[in-house]
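Enquirer: Per the UniProt record's numbering, residue 1 is the first one in the sequence shown, and the count goes up by one each step. Glycine is no exception: its CB is placed at the ideal position from the N, C-alpha and C atoms. The structure that follows is given in the form of structure tokens.
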Amino acid sequence: MFLAVCQPGFFRSSLQSLSCNKCPPHSYTKLEASTSCQCEDNYYRRDTDPTNMACTKPPTAPRNAISNVNETSVFLEWTGPEETGGRKDVSYNVLCRKISMDLRQFEECGSQVRYLPQQKGLRDNSVMVVDLLAHTNYTFEVEAINGVSELTTIIHQSVSLNVTTNQAGEWNRDSPNTY
């Protein structure tokens with residue numbers, strides 16, 4: 001049995017394959033008899049992705065981020081990125097930094113701050129950050145990542161929120177007494 005040589009733009013992933021397959025979206029071949037297609041610039045394929053899968057790119061930044069401060073906790077919520085990069089495995093990481101009094105320096109929040117349910121690999125579009133310091137300015141960055149984000153040198157896309165915490169257990173003198 002004679003197998004035709006695959007032309008540029010087509011590939012045969014194995015000799016057992018009888019026919020040539022067209023390169024998936026965002027990929028190409030320039031040579032005859034290719035066994036896989038190369039991704040276009042700024043598109044990627046993980047080693048574990050099948051050769052017939054389209055090349056994909058990292059997602060854009062999350063959108064519409066809002067915060068709700070309750071004393072020394074903050075609830076962060078956002079909507080997904082406008083573009084997922086062509087993948088369904090989008091997740092989110094939350095980065096927290098304290099802003100110094102002179103507003104020129106940032107300091108990582110540290111291990112005393114807790115994230116519910118977690119800080120990295122979030123599948124939902126929200127997180128509760130607890131055990132923050134009272135009367136402190138914080139900036140939170142929510143970044144969207146997917147399965148090819150680590151393959152690029154492009155900085156992950158994120159949305160930022162600035163919040164100021166209240167006094168823990170602060171009594172509001174304008175509220176009625178409820179003894």
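1. Assign ASN93 to buried or exposed, taking buried as 16 or more other Cβ atoms, counted over all protein chains shown, within 10 Å of its Cβ.
2. With TRP78 and ASN125 assumed to form a contact (beta carbons below 8 Å), what rounded beta-carbon distance in angstroms separates them?
3. Start and end of the beta strand (DSSP E) containing CYS109?
4. Quick check on ARG114: buried or exposed, where buried means 16 or more other Cβ atoms within 10 Å of its Cβ?
5. Can you give the beta carbon distance from GLN157 to THR60, rounded, assuming they're within the 8 Å contact cut?
6. Check whether the stretch 3–11 touches the stretch 31–43, taking contact to mean three or more Cβ pairs, one atom from each stretch, closer than 8 Å.
7. Who are the Cβ neighbours of SER73 in its own chain at under 6 Å, not counting the five residues just before and after it?
8. Can you find the residues in the same chain that come closer than 8 Å, C-beta to C-beta, to SER27, ignoring five residues on each side of it along the sequence?
9. Starting from ILE145, trace the beta strand (DSSP E) both ways and give me its first and last residue.
10. Near PHE75, which residues of its chain fall below 6 Å by C-beta distance, leaving aside the five closest residues on each side in sequence?
11. Since residue 231 contacts PHE140 with CB under 8 Å, what's their CB separation in whole angstroms?
Expert: This is what the structure holds:
1. On the sequence shown, position 93 is the one that residue 93 refers to. The residue is buried, with at least 16 neighbouring Cβ atoms inside 10 Å.
2. The count along the sequence shown starts at 1 and reaches residue 78 at position 78. The count along the sequence shown starts at 1 and reaches residue 125 at position 125. That pair is a contact at about 5 Å.
3. Translated into the one-based positions of the sequence shown, residue 109 becomes position 109. From DSSP, CYS109 is part of no beta strand (DSSP E); its letter is neither H nor E.
4. Sequence index remark: in the sequence shown, residue 114 carries index 114 (1-based). With fewer than 16 Cβ atoms within 10 Å of its Cβ, ARG114 is classed as exposed.
5. Locating residue 157 in the sequence shown gives position 157, counting from the first residue. Locating residue 60 in the sequence shown gives position 60, counting from the first residue. Yes, they are in contact, since the Cβ atoms of GLN157 and THR60 sit about 5 Å apart, within 8 Å.
6. Yes, since at least three Cβ pairs between the stretch 3–11 and the stretch 31–43 fall closer than 8 Å, the two stretches touch.
7. On the sequence shown, position 73 is the one that residue 73 refers to. Closer than 6 Å at Cβ, skipping near neighbours: VAL130.
8. For the purposes of this step, residue 27 is identified with residue 27 of the sequence shown, where counting begins at 1. Excluding sequence neighbours, SER27 sits near CYS37, GLN38, CYS39, GLU40, TYR43, ARG45, ALA54 and CYS55.
9. Translated into positions along the sequence shown, residue 145 becomes position 145. Where ILE145 is concerned, the enclosing beta strand (DSSP E) stretches over 137–145.
10. Start at 1 with the first residue of the sequence shown, and residue 75 comes out as number 75. Cβ neighbours of PHE75 beyond the five flanking positions: ASN68 and MET128.
11. Residue 231 is absent from the model: the chain starts at 1 and stops at 179.
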